[in-house]
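Undergrad: Here's a structure for you.
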Amino acid sequence: MEKCHPATDGGAIKMTSAPRQDGPKESCGVFGIFVPGTDVSRLAYLSLFALQHRGQESAGIASSNGEAIVLKKDLGLVAQVFDEWSLAALKGDLAIGHTRYSTMGSTRWENAQPTLRRLDSAQFALAHNGNLTNTAVLAAELGTQLASTDTDLMAEAIAEAYTAAGGEGGIALAVAASVPRFGGAFSLVIMDQERIIGVRDRHGFRPLCLGRLDHGWVLASETAALDVIGAEFVREVEPGEMVVIDRAGVKSSRPLGKADPRLCVLEFVYFSRPDSVLNGTNVHLARRRMGEVLAAEAPVDADVVVPVPESGVPAAQGYAVASGIPYSDGMVKNRYVGRTFIQPDQVDRDRAIRMKLNPMPSVLAGRSVVLVDDSIIRGTTTRQLVDLVRASGATEVHLRISSPPYRWPCYYGMDTPDRAHLLAAARSVAEIQDSLEVDSLGYLSLDGLLEATGAGSGGMCSACFSGDYPTSVPIDADKLLLERSE
Ligand code: SF4
Numbered sequence: 000m001e002k003c004h005p006a007t008d009g010g011a012i013k014m015t016s017a018p019r020q021d022g023p024k025e026s027c028g029v030f031g032i033f034v035p036g037t038d039v040s041r042l043a044y045l046s047l048f049a050l051q052h053r054g055q056e057s058a059g060i061a062s063s064n065g066e067a068i069v070l071k072k073d074l075g076l077v078a079q080v081f082d083e084w085s086l087a088a089l090k091g092d093l094a095i096g097h098t099r100y101s102t103m104g105s106t107r108w109e110n111a112q113p114t115l116r117r118l119d120s121a122q123f124a125l126a127h128n129g130n131l132t133n134t135a136v137l138a139a140e141l142g143t144q145l146a147s148t149d150t151d152l153m154a155e156a157i158a159e160a161y162t163a164a165g166g167e168g169g170i171a172l173a174v175a176a177s178v179p180r181f182g183g184a185f186s187l188v189i190m191d192q193e194r195i196i197g198v199r200d201r202h203g204f205r206p207l208c209l210g211r212l213d214h215g216w217v218l219a220s221e222t223a224a225l226d227v228i229g230a231e232f233v234r235e236v237e238p239g240e241m242v243v244i245d246r247a248g249v250k251s252s253r254p255l256g257k258a259d260p261r262l263c264v265l266e267f268v269y270f271s272r273p274d275s276v277l278n279g280t281n282v283h284l285a286r287r288r289m290g291e292v293l294a295a296e297a298p299v300d301a302d303v304v305v306p307v308p309e310s311g312v313p314a315a316q317g318y319a320v321a322s323g324i325p326y327s328d329g330m331v332k333n334r335y336v337g338r339t340f341i342q343p344d345q346v347d348r349d350r351a352i353r354m355k356l357n358p359m360p361s362v363l364a365g366r367s368v369v370l371v372d373d374s375i376i377r378g379t380t381t382r383q384l385v386d387l388v389r390a391s392g393a394t395e396v397h398l399r400i401s402s403p404p405y406r407w408p409c410y411y412g413m414d415t416p417d418r419a420h421l422l423a424a425a426r427s428v429a430e431i432q433d434s435l436e437v438d439s440l441g442y443l444s445l446d447g448l449l450e451a452t453g454a455g456s457g458g459m460c461s462a463c464f465s466g467d468y469p470t471s472v473p474i475d476a477d478k479l480l481l482e483r484s485e
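Letter 124 of the sequence shown, counting from 1, is numbered 123 in numbering that gives the first Met the number 0, and no numbers are missing.
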């Protein structure tokens with residue numbers, strides 16, 4: 000494990016990342032806390048546990064005692080990165096934290112967050128969830144050779160603005176001056192020695208909420224991270240809003256102009272924890288409603304509804320209730336497969352999928368099965384699952400997906416393959432059905448999905464289903480763009 004780094008943001012790679020799976024890839028989790036007079040690093044640690052699902056490549060916490068920022072970050076899960084010793088070294092009553100899934104830059108220690116900058120007369124740390132769409136332009140404008148991620152570029156821009164202002168107005172003013180240069184998706188939590196700052200891009204692609212803990216304040220990607228430390232949800236940081244939290248309280252401003260809310264609809268389908276609340280809607284209940292609407296839109300005669308665990312469970316429950324077809328768990332998921340040193344590509348295809356999901360013939364044999372999952376990205380795992388369900392004796396497999404066909408890449412913080420590798424990119428639903436060799440296939444409509452989230456017809460990004468991007472997007476997005484030019 001790395002030791003804390005009070006003076007530098009450099010270091011060596013110590014651990015390998017968790018293996019990737021065939022499904023939507025999480026974005027990142029961000030967190031900030033300021034409770035005057037209380038050591039907060041343990042609270043930050045607990046909240047990062049609640050944000051672990053958003054990124055498993057690396058984790059980090061930066062804290063301040065009012066004089067200097069101390070940083071501890073490393074590759075690995077939250078429980079692997081921190082121990083009693085490192086948390087004890089993270090002193091102070093304000094801190095920010097991060098869990099990472101990379102959408103820009105490789106999985107290496109330097110790219111773990113928070114990112115720390117020390118200037119002549121200031122220091123700040125930054126944690127980012129999202130993905131910039133103008134990385135190449137920003138890199139050219141800043142002329143930096145040091146950045147390997149869009150997060151580094153944002154830190155560079157803030158440092159440049161601070162220096163240009165001669166330190167006048169501090170880091171908060173530098174942040175306000177810099178964020179209009181950032182295109183695309185960013186929910187940021189930033190700190191200097193005396194304050195934490197939260198900013199959301201004007202579309203609010205990625206969530207960020209504000210909570211109250213005793214006489215202090217908390218910022219978090221999801222409300223579940225507030226719950227775990229007993230903080231009370233106050234409100235969401237609004238799209239385009241910046242909040243500065245110091246001993247005087249919370250100050251709100253709008254450095255990004257008019258808001259055009261477009262929260263990522265995949266937050267409801269997949270990314271967010273079921274116990275989180277987004278836009279006033281509980282995520283688990285929204286997923287159940289997706290299943291209910293799906294049952295109305297794509298009904299079928301069958302014996303049993305079986306989820307692909309765990310992603311398909313709430314939608315399968317909703318589908319079963321609305322259709323009247325009994326629900327049953329027909330597969331068991333091994334939650335620890337991400338921790339094994341035997342990687343799936345080291346064993347044969349059938350054993351690899353069984354390492355993750357094992358079907359139960361006692362539930363499936365001789366039955367016509369409605370198999371429910373939340374999405375299909377490449378289709379590789381889905382095809383294997385269908386084979387396994389059949390091999391377990393199912394007489395028919397009717398696949399139901401609680402989101403629309405995933406046809407377009409995301410540029411806003413979800414790691415998606417090229418269009419060429421998206422199963423639905425150039426196929427009709429009938430062609431996908433043939434390709435997966437299922438007896439029938441039904442997707443939830445986009446209107447049905449938006450209805451289930453409570454969003455109705457507006458206020459959400461659904462570009463990966465519709466191709467209707469809320470911003471201009473790069474023609475040739477390259478996750479390693481900055482590292483290739485190093
Ligand atoms: S393109 Fe899709 S995954 Fe990306 S922000 Fe929009 S809805 Fe979310």
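Just so you know, even glycine gets a beta-carbon here, dropped at the ideal spot from N, CA and C.
Using DSSP's beta-bridge definition, name the partner residues of Met289.
TA: Residue 289 sits at position 290 when you count from the first residue of the sequence shown. Answer by DSSP bridge pairing: none, since Met289 is not bridged.
Undergrad: Assuming Leu74 and Ala111 are in contact, meaning their beta carbons sit under 8 Å apart, how far apart are those beta carbons, in whole angstroms?
TA: Along the sequence shown, one-based indexing puts residue 74 at 75. Along the sequence shown, one-based indexing puts residue 111 at 112. Between Ala111 and Leu74 the Cβ distance is about 6 Å, and since that is below 8 Å, they are a contact.
Undergrad: Straight-line CA distance for Gly486 to Val249?
TA: Because the chain spans 0 through 485 in this model, residue 486 falls outside it and cannot be assessed.
Undergrad: With a CB to CB cut of under 6 Å and the five nearest residues on each side skipped, what residues in its chain are close to His4?
TA: Residue mapping note: residue 4 aligns to position 5 of the sequence shown, counting from 1. In this predicted model, His4 has a pLDDT of only 40, less than 50, meaning its place in the structure is not dependable; the value taken from the coordinates is given anyway. So the list reads Leu70, once near-sequence residues are dropped.
Undergrad: Buried or exposed, going by whether 16 or more other CB atoms sit within 10 Å of the CB of Pro260?
TA: Numbered from its first residue, the sequence shown carries residue 260 at position 261. Burial call: buried.
Undergrad: I need the straight-line Cα distance from Phe232 to Pro206, nearest angstrom please.
TA: Counting from one through the sequence shown, the residue named residue 232 turns up at place 233. Counting from one through the sequence shown, the residue named residue 206 turns up at place 207. Rounded to the nearest angstrom, the two C-alpha atoms are 13 Å apart.
Undergrad: DSSP on Asn333, reduced to helix/strand/coil?
TA: Counting from 1 along the sequence shown, the entry for residue 333 is found at position 334. It is coil, neither helix nor strand.
Undergrad: Can you name the start and end residues of the alpha helix (DSSP H) that Val320 belongs to?
TA: Residue mapping note: residue 320 aligns to position 321 of the sequence shown, counting from 1. First-last of the alpha helix (DSSP H) with Val320: Val312 to Ser322.
Undergrad: Tell me which residues pass a beta-carbon proximity test against the ligand SF4: closer than 6 Å to any heavy atom, given in chain order.
TA: Phe204, Cys263, Val264, Leu265, Cys409, Tyr411, Met413, Cys460, Ser461, Ala462 and Cys463
Undergrad: What number of angstroms, rounded off, separates the C-alpha of Tyr468 from the C-alpha of Ala462?
TA: For this step, residue 468 is matched to residue 469 along the sequence shown. For this step, residue 462 is matched to residue 463 along the sequence shown. Answer to the nearest angstrom: the Cα atoms are 5 Å apart.
Undergrad: Under 8 Å, with one C-beta from each stretch per pair, do the segment 27–36 and the segment 215–234 reach the 3-pair mark?
TA: yes
Undergrad: Determine the closest residue to Glu127 out of Ala154, Val242, Ser434 and Val227, with distance taken between C-alpha atoms.
TA: Taking the first residue of the sequence shown as position 1, residue 127 is located at position 128. According to the sequence shown, residue 127 is His rather than Glu. Comparing Cα-Cα distances from His127 to each of Ala154, Val242, Ser434 and Val227, the minimum goes to Ala154.
Undergrad: Within this structure, are the beta carbons of Glu221 and Ser310 separated by less than 7 Å?
TA: For this step, residue 221 is matched to residue 222 along the sequence shown. For this step, residue 310 is matched to residue 311 along the sequence shown. For Glu221 and Ser310, no; Cβs fall outside 7 Å.
Undergrad: Please list the terminal residues of the continuous alpha helix (DSSP H) segment that includes Gln383.
TA: Locating residue 383 in the sequence shown gives position 384, counting from the first residue. Unbroken alpha helix (DSSP H) run through Gln383: Thr379 to Ala390.
Undergrad: Kindly indicate the opening and closing residues of the alpha helix (DSSP H) around Met153.
TA: The residue given as residue 153 occupies position 154 in the sequence shown. Counting along the chain, the alpha helix (DSSP H) containing Met153 begins and ends at Asp149 to Ala163.
Undergrad: Are the beta-carbon atoms belonging to Leu137 and Leu152 less than 7 Å from one another?
TA: Numbered from 1 along the sequence shown, position 138 holds the residue referred to as residue 137. Numbered from 1 along the sequence shown, position 153 holds the residue referred to as residue 152. Yes; because the gap between Cβ atoms is below 7 Å, this pair is in contact.
Undergrad: Helix, strand or coil for Pro473, going by three-state DSSP, please let me know.
TA: As a working mapping, residue 473 is identified with position 474 in the sequence shown. Of the three classes helix, strand and coil, the one that applies to Pro473 here is coil, per DSSP.
Undergrad: When the Cα of Leu93 is compared with those of Ala61, Asn333 and Pro313, which residue comes out closest?
TA: Residue numbering aside, residue 93 sits at position 94 when the sequence shown is read from its first letter. That would be Ala61, whose Cα lies nearest to the Cα of Leu93.
Undergrad: What ranges does the beta strand (DSSP E) occupy inside the segment 211–284, keeping only unbroken runs of at least 3 residues that lie completely in it?
TA: 215–219, 231–235, 241–245 and 248–252
Undergrad: To the nearest angstrom, how far is the alpha carbon of Asp373 from that of Val268?
TA: Here residue 373 is taken as the residue at index 374 of the sequence shown, counted from 1. Here residue 268 is taken as the residue at index 269 of the sequence shown, counted from 1. So the two alpha carbons sit approximately 7 Å from each other.
Undergrad: Residue range of the alpha helix (DSSP H) that Ser85 falls in?
TA: Start at 1 with the first residue of the sequence shown, and residue 85 comes out as number 86. It spans Glu83 to Ala88 - the alpha helix (DSSP H) in which Ser85 sits, taken as one unbroken run.
Undergrad: For Ala451, I'd like the list of residues in its chain whose CB is within less than 7 Å of its CB, leaving aside the five on either flank, ordered along the chain.
TA: Locating residue 451 in the sequence shown gives position 452, counting from the first residue. For Ala451, where only same-chain residues beyond five positions count, the Cβ hits under 7 Å are Ala285, Arg288, Met289 and Val292.
Undergrad: Would you call the CB atoms of Ala184 and Asp200 closer than 7 Å?
TA: Against the sequence shown, residue 184 aligns to sequence position 185. Against the sequence shown, residue 200 aligns to sequence position 201. Asp200 sits close to Ala184, with the two beta carbons spaced by under 7 Å.
Undergrad: How is Phe185 classed by DSSP in three states: helix, strand or coil?
TA: On the sequence shown, position 186 is the one that residue 185 refers to. Three-state DSSP puts Phe185 in a strand.
Undergrad: Would you identify the three-state DSSP class for Gly28, choosing helix, strand or coil?
TA: Position 29 of the sequence shown, counting from 1, holds the residue named residue 28. Under the three-state reduction of DSSP output, Gly28 falls in the strand class.
Undergrad: Going straight from the alpha carbon of Tyr411 to that of Phe204, what length do you get?
TA: By 1-based counting over the sequence shown, the position of residue 411 is 412. By 1-based counting over the sequence shown, the position of residue 204 is 205. Cα to Cα, the separation comes out at about 7 Å.
Undergrad: May I ask which residues mark the beginning and end of the beta strand (DSSP E) holding Tyr442?
TA: The residue given as residue 442 occupies position 443 in the sequence shown. Unbroken beta strand (DSSP E) run through Tyr442: Ser439 to Tyr442.
Undergrad: Is Pro517 helix, strand or coil when you go by DSSP?
TA: One cannot answer for residue 517 here, as it falls past the ends of the chain, which runs 0 to 485.
Undergrad: How about the segment 397–409 and the segment 348–360: do they share at least three Cβ pairs that are nearer than 8 Å?
TA: no
Undergrad: Ends of the alpha helix (DSSP H) at Ser40?
TA: Counting from one through the sequence shown, the residue named residue 40 turns up at place 41. Segment Ser40 to Ala49, the alpha helix (DSSP H) holding Ser40.
Undergrad: On the premise that Gly441 lies in contact with Ala297, defined as a C-beta separation below 8 Å, what is that separation, rounded to the nearest angstrom?
TA: Here residue 297 refers to the residue found at position 298 of the sequence shown. Here residue 441 refers to the residue found at position 442 of the sequence shown. That belief holds up - the Cβ atoms of Ala297 and Gly441 are roughly 3 Å apart, short of 8 Å.
Undergrad: Check each candidate in Trp407, Met413 and Ser427 and name the one with the smallest Cα separation from Ala419.
TA: Along the sequence shown, one-based indexing puts residue 419 at 420. It is Trp407 whose Cα lies nearest to the Cα of Ala419.
Undergrad: Pro113 and Leu125: beta carbons closer than 7 Å?
TA: Position 114 of the sequence shown, counted from the first residue, corresponds to residue 113. Position 126 of the sequence shown, counted from the first residue, corresponds to residue 125. In terms of Cβ geometry, Pro113 and Leu125 form a close pair [threshold 7 Å].
Undergrad: Distance, Cα to Cα, Tyr326 vs Asp386?
TA: Numbered from its first residue, the sequence shown carries residue 326 at position 327. Numbered from its first residue, the sequence shown carries residue 386 at position 387. About 20 Å.
Undergrad: Give every residue of the same chain whose Cβ lies closer than 6 Å to the Cβ of Arg483, excluding the five residues on either side of it in the sequence, and list them in chain order.
TA: The count along the sequence shown starts at 1 and reaches residue 483 at position 484. Low confidence applies here, because Arg483 scores a pLDDT of 49, under 50, leaving its location unreliable; read the following figure in that light. Answer for Arg483: no residue qualifies.
Undergrad: Just to confirm my understanding: we take Arg338, look at its own chain, exclude 5 residues before and 5 after, and list those with CB closer than 7 Å. What are they?
TA: Translated into the one-based positions of the sequence shown, residue 338 becomes position 339. Low local confidence applies: a pLDDT of 45 at Arg338 is under 50, so the model's placement there is unreliable, and no value is given.
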